[in-house]
Every structure is written in C-alpha cells, then in structure tokens.
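>
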Amino acid sequence: MRRPSLAVWKLTSCDGCQLTLLDCEDELLDIADAVEIRHFPEATRRDLPGPFDVSLVEGSISTPAEAERIRRIREESGVLVAIGACATAGGYQALRNGADLEAFQRIVYPRPEAIRSLDRVSPVAAHVEVDYELHGCPIDRRALLGLLSALLNGRRPDLPAGSVCAECKQRGVNCLLVLGRAPCLGPVTRAGCGALCPAYDRGCYGCAGPAESARPEAIVPVLRRRGHGDAAIRRLLRGCTTAAPGRDSEGADDDA
Amino acid sequence: MRTHRPAPAVIDRNGLDQLVKLLIADGRTVIGPVERDGAIVLDEIESGAELPDGVGAETGPGRYRLHRRADRAVFNHAAGPQSWKRFVHPVRQRVDAPEEPRPLAFIGVRPCDLAALSVLDGVFGAAPHPDRRYQARRDRAFVVAVDCVEPGATCFCASAGTGPAATGGYDLVLTERVEGGHRFLVSAGTVEGEEVLERLTRRNATREEAAEADRALRGAAESMERSLPATDLRALLARSRRSERWQEIADRCLACANCTMVCPTCFCTTVEDVTDLRGGRAERWRRWDSCFDPDFSYTAGGTVRTSVASRYRQWMSHKLGTWHDQFGTSGCVGCGRCIAWCPAGIDITAEAAALAREEEPR
Ligand code: SF4
Ligand code: SF4
Ligand code: SF4
Ligand code: SF4
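Taken in sequence, the protein lines are chains A and B. Residue numbering for the first sequence follows the working numbering, starting at 31 and increasing by one per position. Residue numbering for the second sequence follows the working numbering, starting at 276 and increasing by one per position.
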C-alpha cells in the first residue's frame, strides 16, 4: 500500500507549530514510517512535488504572495489542516489590522517601499477551504498526534469545540477566577490544551481562540466585577487570535 | 427534629487517624478532603494527618476562599470544586478492556453528597442496564459521612431535602464537635460500619453530647441562607419553557461548563476512539461531557442547541424538572457547587426564584 504523502507549509509564523511535530520525539519514527514526507523545510532539505494527501499549514496570510501560495497549496492537497493561532486566527501579527501599517513599516524596515503586505492579516480559512483546524499557540503535541492518527486510519478527528474550563475541572485545577488568583480567558477559549496555563497557576490568555459559539466579550463583565480594569482586559483580549472568524478584529492602536 | 442516632460513640482526633489507617490496612484506597492550591479538593490520602487542619471555606456566587479557623476543625468547608463522582464515574475511563478497581473508602462525605451518590445510583446502577464499571467502584466503597454543622453560604441542602444531617447511605457517620474538646460522634449505618467502629478506640457519648449535636444540626438547618422556591419545581420548569429569563441568563452565562463539571450528579459522557499511528491498536474511552459543550447536541446535520439560552435551559430543566421524569428524583441535591464555581456567579436558586416570580399575579 502506498504511504500517504505529507507536506508541512509555513506562511507568516514563527515555526513553533512545525516544531511541535519535531517535538514528537517518541513518535517521530512512526510518523516517518507511516507517511512519506514530501515537503517540510524545517525538517528536511528534500523537497518533492505534489500532490499531497495531507498538508499541514502554519502561518497567517499577510502578503499577496502568500494569498497566491495558499491557493496553490489547496489545489495540490487532499486534506488541508490549518495549524496554530496564526493559521486559524491571524496570530499576533493580526494586531496590525486596523492600525497604521505604513507607520510600522517605516519604523521597522530601512526600505519600506520594498515591502509587499496585504492591508489585513487573515487566517487561512479566509482564503481557501480548510478541512480541519488545530488551535493554540503553539498547537498541542497530543492534539497533533491525535489528528494524524485519525487521518491515517480514516477516522474523523476528535476536535474540541467547548471551553478550556471543562479541561481545567477534569484535570483537577482549582479555578483561578473563582479563587481570585488571576484573570483567565478559559471560559470563552477553545479546549484542546488540557488547561495548560491554569495548571501552572497562570490565567489562560486565549491562545486557542474563542470556543465554538462563545462570545469572548461575555468575559468582560466577569473580569470587571473581579476588579480588572478595562485597559488590562482589552490587552488580555488582544492576544494572538484577534482575526478569528466572528471576532471584531481589534488593532494595536492606543496602548500597544 | 431529632437527628441523633441511637447511642453514638465518640472518637477523638487520633481516632480519625486510626480510622484512616484501618481502612488502608483493609486494602482500601482512602479518599478524603485535602487542602491544595487554595481549595479543599478530594484526593487519595495515606494518613489522617493529610486531612484539613483548621481550614474553613468562605463561598459566594463565583467565589471561594480558604481561611484559617481558630479551631482545628477537619470537615468545616463546604462546596469544594470536586465531588465524589470523579471516583465512581472517572473523568476518563477506558471502556473496551476489563478493569480491577481497588476497593475505595470515602472519608467526609456530606449529606448532599450522600444524596448525590444515591442519585448517581439511580442513573448508573438501576436495572435493566446497570453500568458495571460504576457498580464495581460504588458497591465496594466504604462511606464515612459527616454531618454539616456549619453549612457554607452557597449551600441549600435543607430546602433540597438532603441535609444538613445525614439520614442514610453511609457505613459510618461522624458529627464533628470542636467546642469542649475536639471530637467526633460516630454511629454506624451498616453491619460493615459496625465492625469497623468496634475496632476503633472509642467511648460512649453522653446523652447531653448527643443532644448538643442535635441542637447544632438544627441550628445549621435554620441558618442556611439559600433555598429553592417552595413550589413544584418540575411543573414550574415545564411551564417556563418560553420564559424570557433564559435569554437574560444567557447574556451572563459563558457556556463554560463549570457548573456541570462540579455538579455531583451531572453524569454525561462522550465516547472517543483512539488509534496509534500505524492503526495496529485501537482503544475506546469514555470521558465527561457537558450539555454546555456545542458538540453535546451534535447530530447529523449539526448542533441542535446552538444558543446559550437553550443550553442553560436544558441544564436547569434537567436538574430540577425532567430528572424527576427520568429517574424519579430531583437532579439537584443542594450542594451549591455550581453557584460557587460559576465564574459568572450564576445562582440556580436565584434563577429558580426568578422563574417562580414571573408567574406571580401582578
Ligand atoms: S482557571 Fe480559567 S480555565 Fe480554569 S475553570 Fe477557571 S476560568 Fe476556567
Ligand atoms: S490555557 Fe489558554 S493560553 Fe494557555 S495554552 Fe491553553 S488555550 Fe493557550
Ligand atoms: S445543580 Fe448545583 S447545587 Fe444542585 S447538585 Fe448540582 S452543583 Fe449542586
Ligand atoms: S452557568 Fe456559569 S458555570 Fe454554568 S456554563 Fe454558564 S457561566 Fe459557566
């Protein structure tokens, strides 16, 4: 039987999610056995042409070239999976949406006229059809392995839609909000990380983006009542998922 | 109201340690309250010294704080974030392989939680399809109950008819007394409990000691701040299906599922299949689920309960209403956990009262 082929792509991103795949040390040999890796610049210089049975795409669409590239990737891919906050919700770079892009470019680059950027940073799903999404910054190793084994075995992947709180309680972590220990976005954030941050006594900062059908703004009165100021709340909500579908993308204007 | 059981015995604080030791020696995994990360949680203990020592809990809607007490009370801290359900109905459990759970012993089960275990018995233990995994844990569990002499501010067991005194469903029951010497009145509820009691260093309670404990429990019932409206809740919930209150609640509710996770009777699960990468191994696991999860009502074609209002309505209607139709009891035992551990501070007693108020003639 022919091994399914895998490609791992990078758009505007930090490589952290791809690294999660390399981080699967115990399973890496099994993965290499189970699939033929045809494109994965982070891991191998070998670069084979498509089509690809499965493509994992990291990164947001930030440039005209990427908008073009993602269409080509889509055409060459059987199953396309967007991985990480950038690919699913814009990433931190989406904080420039609504802000003054030219001003940023002038500050950062010696020759800003050489930069070709799109006006807005957007997630992969804003450009092409995406089959599955893995959320988080970075994605969770077990979630990635779960997705790959489901795809390899012809199963529908079991992807979470509910909130981090459910995982928090199941893990036996005492609620930071209720104990007054930290502001936490867990109630409106998508599960999947296993309540990683609360387990280390840190409030969830929402890296997995809104839970399905959650209203992120519903957390605002909850945090206000616990004495958190509006500026702090705004900063907390302006993390790496501001370009998630359904969220009013807020720019990094005043207090960035 | 006379709660006190015939001729209770009395053990001191060392007697509690002795009890834990004895249950462990009998081959049981002993679970009890322990202080951890700012709350009283339930966990395996290896000695009675791990039990709370002079810790109290102050609770309110969306609020829980521990404080040091002036005494060395062990059991005065209601509505912690966990319940005994996680030991009889584990968070995640493999269901396609045999298992041999060790016999358990629960120390410090409150009256509301005794009622919750009995509610779960109705869910999992009843014919014609008892859940054998549940039964294997539950039937062999040795239960040491404790009366609630100091209910928390979020408790409403008196109006739920489950407390604050234990009325059955235990092997042993303790009433903790801190004034006039730290000690526990103990009575047995089963033959097995009697056998364990006989092995403890103890004395007989005086008549005045038993009467004083009764008074304390009566006082506890009367001091309870919260209650469910005194009406046929099942009928109220059925009539309230189209109430505007549900949307009003949904404006505050985060759909975070905390209420269902902490509720000692919420029992819903989903099943997941896992395989390894090569497809050579497959396992089937069952894990806790919640009616607040968007996937909970996912059927062919999509999610049925898309709005938060419909999910909260489902939850509350099941707890207080349709549970009666399904299992012949209420699904709410009045423990108050869902009130304390809701980040938004939504209070099931206040919402029930609001629904009842809507019906009053204006
Ligand atoms: S700590 Fe955060 S994620 Fe955990 S239950 Fe509380 S609000 Fe939810
Ligand atoms: S707890 Fe929140 S911020 Fe932390 S990893 Fe999980 S989703 Fe991301
Ligand atoms: S509904 Fe709330 S008060 Fe009632 S048993 Fe469940 S957690 Fe306790
Ligand atoms: S009632 Fe409270 S705990 Fe329950 S889902 Fe709504 S916000 Fe979460």
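Don't be surprised by glycine CBs; every beta carbon is placed ideally from N, CA and C.
What I want to know is whether the C-beta of residue 426/B ends up closer than 7 Å to one or more non-hydrogen atoms of ligand 3.
no
> Just tell me which of 545/B, 489/B, 299/B and 439/B has its CA closest to the CA of residue 350/B.
439/B
> Which residue marks the beginning of the alpha helix (DSSP H) containing residue 85/A, and which one marks its end?
Premise fails: residue 85/A lies in the beta strand (DSSP E), 82-88, not in any alpha helix (DSSP H).
> Between residue 270/A and residue 121/A, is the Cβ-Cβ spacing less than 8 Å?
yes
> Whole angstroms are fine: how far does the CA of residue 330/B sit from the CA of residue 58/A?
Cα to Cα, residue 58/A sits roughly 48 Å from residue 330/B.
> CB residue 106/A to CB residue 48/A, shorter than 8 Å?
no
> Strictly below 9 Å CB to CB, what residues from chain B border residue 192/A?
Residues of chain B passing the Cβ test: 530, 531, 532, 564, 565, 567, 568, 569, 570 and 571.
> Quick one: using the 10 Å Cβ neighbour count with 16 as the cut-off for buried, is residue 409/B buried or exposed?
buried
> Just how far apart, CA to CA, sit residue 303/B and residue 376/B?
Approximately 10 Å, taken between the alpha carbons.
> Since residue 424/B is in the beta strand (DSSP E), which residue starts that stretch and which ends it?
Segment: none, residue 424/B is in no beta strand (DSSP E) and carries neither H nor E.
> When you compare the CB positions of residue 299/B and residue 318/B, do they come within less than 8 Å of one another, or not?
Contact: no.
> Mind listing the chain A neighbours of residue 552/B? Cutoff is C-beta to C-beta under 7 Å, in chain order.
Those are 57, 60, 61, 64, 178, 179 and 182, listed as they occur along chain A.
> Would you say the beta carbon of residue 250/A comes nearer than 7 Å to a heavy atom of ligand 2?
no
> Going along chain B in order, which residues have a C-beta closer than 7 Å to the C-beta of residue 188/A?
547
> On a Cα-Cα basis, can you pick out the residue from 459/B, 619/B and 293/B that is closest to residue 481/B?
459/B
> Suppose contacts are defined by Cβ-Cβ distances below 8 Å. Is residue 301/B in contact with residue 457/B by that definition?
no
> Does residue 437/B pass the burial test, meaning 16 or more other C-beta atoms within 10 Å, or should it be called exposed?
buried
> Within 8 Å of any Cβ in chain A, is that where the Cβ of residue 598/B sits?
no
> Residue 208/A: beta carbon under 7 Å from a heavy atom of ligand 3?
No; taking the cut-off as 7 Å, the Cβ of residue 208/A has no heavy atom of ligand 3 nearer than that.
> Using 8 Å as the threshold, is the C-beta distance between residue 135/A and residue 92/A below it?
no
> Scan the stretch 614-626 of chain B for residues whose Cβ lies nearer than 9 Å to a Cβ of chain A and list them as they occur along the chain.
Among the residues of the stretch 614-626 of chain B, those with a Cβ less than 9 Å away from any Cβ of chain A are 615, 616, 617, 618, 619 and 620, in the order of the chain.
> Any idea which residues DSSP pairs residue 364/B with across the strands?
According to DSSP, residue 364/B bridges with nothing at all.
> Just to confirm, does residue 363/B get its C-beta within under 7 Å of one of the non-hydrogen atoms of ligand 3?
no
> Go ahead and pull the three-state DSSP assignment for residue 381/B.
strand
> What does DSSP give as the partner residues of residue 462/B in its beta bridges?
448/B
> Just tell me which of 447/B, 568/B and 552/B has its CA closest to the CA of residue 184/A.
552/B
> So does the stretch 517-529 of chain B actually touch the stretch 575-592 of chain B, counting three or more Cβ pairs closer than 8 Å?
yes
> Which of helix, strand or coil does DSSP assign to residue 145/A?
The DSSP-derived three-state label of residue 145/A is coil.
> Name, in chain order, the residues that DSSP records as bridge partners for residue 352/B.
Paired residues: none, contrary to the question.
> Would you call the CB atoms of residue 563/B and residue 536/B closer than 8 Å?
yes
> Am I right that residue 110/A and residue 68/A are in contact with their C-beta atoms under 8 Å? What's the rounded C-beta distance?
Wrong, their Cβ atoms sit about 15 Å apart, outside the cutoff.
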